[in-house]
Amino acid sequence: MITKLKKKFVFINMVLIFIILSFTFAAAYISTKDRLIRDSNDILQKTIEQENEIHKDQINLGELNTYSPPPPPQILSFAVQLDKNNNITDVFYNDMDKSNDSTLVTLVNSALTDNNITGLIQNNNYRFLKHPNEKGTKIAFADRSLEISTLNSLLKTFILVGLGSLSAFFIVSLYLASWAVKPIKRSWEQQRQFVADASHELKTPLTVILANTDIILSHKNDTIINQLKWINYIKTEGERMTSLVNDLLFLAKTDANKNEVILSKINLSDIVWNCVLPFESIAFEEEKIINTEISPDAFINGDNNRLKQLLFILIDNAIKYCNEKGYINVTLSQTQDKVNLSVNNTGAPIPEDKILHIFDRFYRVDESRARKKDGYGLGLAIAKSIVETHKGKMSVFSSESEGTTFIVTFPLLKIK
509 MITKLKKKFV FINMVLIFII LSFTFAAAYI STKDRLIRDS NDILQKTIEQ ENEIHKDQIN
569 LGELNTYSPP PPPQILSFAV QLDKNNNITD VFYNDMDKSN DSTLVTLVNS ALTDNNITGL
629 IQNNNYRFLK HPNEKGTKIA FADRSLEIST LNSLLKTFIL VGLGSLSAFF IVSLYLASWA
689 VKPIKRSWEQ QRQFVADASH ELKTPLTVIL ANTDIILSHK NDTIINQLKW INYIKTEGER
749 MTSLVNDLLF LAKTDANKNE VILSKINLSD IVWNCVLPFE SIAFEEEKII NTEISPDAFI
809 NGDNNRLKQL LFILIDNAIK YCNEKGYINV TLSQTQDKVN LSVNNTGAPI PEDKILHIFD
869 RFYRVDESRA RKKDGYGLGL AIAKSIVETH KGKMSVFSSE SEGTTFIVTF PLLKIK
């Protein structure tokens, strides 16, 4: 899939670049061609207007019709004056000499045959302009060698530059394609990993449920009381599955921006107090101490239920991973424009290489330890998504001396 996406990206890029270069070169070519034509027409007009005669020997066109004309000389421009019978009476050109009479006849015959006032003759090598006057007709000719060579050189240049540009853009497109699909590749891999992890987590409780069901079915004549242990196992695993599915559903809705979040004026100080109190008894039973330092009336724009869920996740996580007879420190403070929430627990620090993945879904620093503590590795991912929904930031710091600290920052809602 990723390879096909990269190829499609490169193909579209190259097509667009080819179209842009084609239009650019075509515009430049047409513009240059128009300019050369205008210059050629200007020369024809000036040649028509000049009066310096070079030679006046009368040439009868009928006398030379049987001759094979030599190749036309490389001349810039010249003009001929014809009488009423289309005989050449005058020639106007700085470098014209008598040896070119047969060429003149050929060019004049071609111009007279053409019904247009101006046009191209001699395999498009000459441009002519006819101008009737009192003596007959004056015809000016301009050599197109310069025009043709200029356009041919320009065309060759465009082809070489175009091929070079396409080659360079192809290499750049390959690099850009690899860079552009990185987030998609990462997202795709995360999605595959997410599905694999979810399947793995669901497999364990399903296996337990099926095993306990088989045990119950093997004792069909027993009473419910006798099978109560197995039934409780099934219930426990069912509740764990329900919790997991709800967490997965929450994250899926968050990814699709379908989680309904009702933002309103919230006193975060009250929420923190209300969330800490239920955990004090749990911490007391585990011989751990919760310390609080909560600034009063810290208002933010938030969703009451989501913020409670965030606090429950962070405090529950701190209690689970706090060392024996350790401390959990919950701090809420406010600055001029921010509200800072900090949840710290003493205990073994998180290795630096694992902190980078601490908010990844299904990620657990210690797999065996997490299973004993009944965790799926989704809590912190959910917590981070809640913080981001409230336009906040979440970070984690861990050290041997300070333990592990999760810091959440929200924009302060200023009360007017």
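When we follow my numbering, the leftmost residue of the sequence shown carries the number 509, and every step to the right adds one.
C-beta: ideal position from N, C-alpha, C; glycine also.
Helix or strand or just coil, what does DSSP make of P640?
Start at 1 with the first residue of the sequence shown, and residue 640 comes out as number 132. Correct three-state label for P640: strand.
Just how far apart, CA to CA, sit N568 and L663?
As a working mapping, residue 568 is identified with position 60 in the sequence shown. As a working mapping, residue 663 is identified with position 155 in the sequence shown. Its pLDDT being 46, under 50, N568 is placed unreliably in this model, and the value from its coordinates should be taken loosely. One C-alpha to the other measures close to 42 Å.
For Y884 versus D755, is the C-beta spacing smaller than 8 Å?
Locating residue 884 in the sequence shown gives position 376, where the first residue counts as 1. Locating residue 755 in the sequence shown gives position 247, where the first residue counts as 1. Contact: yes.
For the structure I just gave you, are there three or more beta carbon pairs, one from the segment 699-711 and one from the segment 671-689, closer than 8 Å?
Flag = no, the segment 699-711 and the segment 671-689 do not touch.
Work out the CA separation of T854 and E910 for me, nearest whole Å.
Here residue 910 corresponds to residue number 402 of the sequence shown, with the count starting at 1. Here residue 854 corresponds to residue number 346 of the sequence shown, with the count starting at 1. Straight-line Cα distance between these residues: approximately 6 Å.
Can you tell me which of L628, D622, D547, R700 puts its alpha carbon nearest to the alpha carbon of M925?
Residue coverage of the chain in this structure runs from 509 to 924, which leaves residue 925 outside it and unanswerable.
Three or more beta-carbon pairs under 8 Å between the segment 519-534 and the segment 546-557, yes or no?
no
Excluding the 5 residues flanking P713 on each side, which residues of the same chain have their C-beta closer than 7 Å to its C-beta?
Within the sequence shown, the letter at position 205 stands for residue 713. So the qualifying residues of the chain are E745, R748, M749.
Does DSSP put Q566 in a helix, a strand or coil?
Position 58 of the sequence shown, counted from the start, is the residue given in the question as residue 566. Its pLDDT being 42, under 50, Q566 is placed unreliably by the model, and the measurement read from it follows with that caveat. Q566 falls in the coil class under three-state DSSP.
Let's see if you can read the secondary structure: which residues bound the beta strand (DSSP E) around L849?
For this step, residue 849 is matched to residue 341 along the sequence shown. L849 -> beta strand (DSSP E) spans 846-853.
Counting C-beta neighbours from all protein chains within 10 Å, is the total for D651 16 or more, i.e. buried, or is it exposed?
Here the question's residue 651 lines up with position 143 in the sequence shown. Buried.
Sorted by chain position, which residues of the same chain lie with C-beta nearer than 6 Å to I625's C-beta, five sequence neighbours on each side aside?
Within the sequence shown, residue 625 is the residue found at index 117, counting from 1. Taken in chain order, the residues that qualify are K638.
With 16 as the cutoff for other CB atoms within 10 Å, does T532 come out buried or exposed?
Here the question's residue 532 lines up with position 24 in the sequence shown. T532 comes out exposed.
For N812 versus I779, is the C-beta distance shorter than 8 Å?
Translated into the one-based positions of the sequence shown, residue 812 becomes position 304. Translated into the one-based positions of the sequence shown, residue 779 becomes position 271. In this structure, I779 lies closer than 8 Å to N812 by Cβ.
By a C-beta neighbour count over all protein chains shown, 10 Å radius and 16 as the cutoff for buried, is R925 buried or exposed?
For the chain, the structure presents residues 509 to 924; residue 925 sits outside this window and is missing.
Reducing DSSP to helix, strand and coil, say where Q735 ends up.
As a position in the sequence shown, residue 735 is number 227, starting the count at 1. If DSSP states are grouped into helix, strand and coil, Q735 belongs with coil.
Give the single residue among L849, I790, S675, P786 whose Cα lies nearest to the Cα of V518.
On the sequence shown, position 10 is the one that residue 518 refers to. When only C-alpha atoms are compared, the closest one is S675.
I want to know whether the segment 890-907 touches the segment 815-830 - three or more CB-CB distances under 8 Å.
yes
Tell me, please, whether the segment 767-777 touches the segment 731-739 by the rule of three or more beta-carbon pairs shorter than 8 Å.
no
May I ask you to list the residues that DSSP assigns as paired with R635?
Numbered from 1 along the sequence shown, position 127 holds the residue referred to as residue 635. L628, A650, per the DSSP bridge assignment.
If I'm right that A791 touches I742 with Cβ under 8 Å, what's the distance once you round it to whole angstroms?
Mapped onto the sequence shown, residue 791 falls at position 283. Mapped onto the sequence shown, residue 742 falls at position 234. About 31 Å separates the two Cβ atoms, so there is no contact after all.
Local conformation of I692 per DSSP, three classes:
Here the question's residue 692 lines up with position 184 in the sequence shown. When DSSP states are grouped into helix, strand and coil, I692 belongs to the helix group.
Among V847, F649, N660, whose alpha-carbon lies nearest the alpha-carbon of Q558?
Residue 558 sits at position 50 when you count from the first residue of the sequence shown. When each option's Cα is compared against that of Q558, the closest is F649.
Can you give me the Cβ contacts of G627 inside the same chain, cut-off strictly under 6 Å, excluding the 5 residues immediately before and after it?
On the sequence shown, position 119 is the one that residue 627 refers to. Nothing listed; no residue qualifies.
Local conformation of Y741 per DSSP, three classes
Residue numbering aside, residue 741 sits at position 233 when the sequence shown is read from its first letter. When DSSP states are grouped into helix, strand and coil, Y741 belongs to the helix group.
Please identify the residue among K516, T597, A587, E642 whose C-alpha is closest to the C-alpha of L615.
Counting from one through the sequence shown, the residue named residue 615 turns up at place 107. When only C-alpha atoms are compared, the closest one is A587.
The alpha helix (DSSP H) that contains F787, what's its start and end?
To locate residue 787, count along the sequence shown from 1; it is residue 279. Start and end: 776-793.
What is the DSSP secondary structure of N593, reduced to helix, strand or coil?
Taking the first residue of the sequence shown as 1, we reach residue 593 at position 85. It is coil, neither helix nor strand.
Report back the beta-carbon spacing between L920 and K846 to the nearest angstrom; my notes put them in contact at under 8 Å.
Here residue 920 refers to the residue found at position 412 when the sequence shown is read from its first residue. Here residue 846 refers to the residue found at position 338 when the sequence shown is read from its first residue. About 6 Å; that satisfies the 8 Å criterion.
How is T715 classed by DSSP in three states: helix, strand or coil?
As a first step, residue 715 is located in the sequence shown; it is residue number 207 there, counting from the start. The answer is helix: DSSP assigns T715 an H, G or I state.
Taking all protein chains shown into account, decide if D547 is buried (16 or more other Cβ within 10 angstroms of its Cβ) or exposed.
Working through the sequence shown from its first residue, we reach residue 547 at position 39. So D547 counts as exposed.
Chain-order list of residues whose beta-carbon lies under 6 Å from that of N633 (same chain, five-residue window excluded)
Counting from 1 along the sequence shown, the entry for residue 633 is found at position 125. Once the five neighbours on either side are set aside, the close Cβ partners of N633 are R652.
Taking E784 as the reference, which of A719, N799, T917 has the closest Cα?
As a working note, residue 784 is residue 276 in the sequence shown. Checking the sequence, you will find Val at residue 784 rather than Glu. Nearest option by C-alpha distance: N799.
Nearest residue (CA-CA) to K761, options S657, S907, M902, S893:
Translated into positions along the sequence shown, residue 761 becomes position 253. Cα-wise, what sits closest to K761 is S893.
Please classify L725 as buried or exposed, where buried requires at least 16 other C-beta atoms within 10 Å of its C-beta.
Counted from its first residue, the sequence shown places residue 725 at position 217. Counting every other CB atom within 10 Å of its CB across the protein chains shown gives L725 a total below 16, marking it as exposed.
Let's test the definition: count the other Cβ atoms within 10 Å of the Cβ of F914 and tell me whether it reaches 16, buried, or not, exposed.
Along the sequence shown, one-based indexing puts residue 914 at 406. Label assigned to F914: buried.
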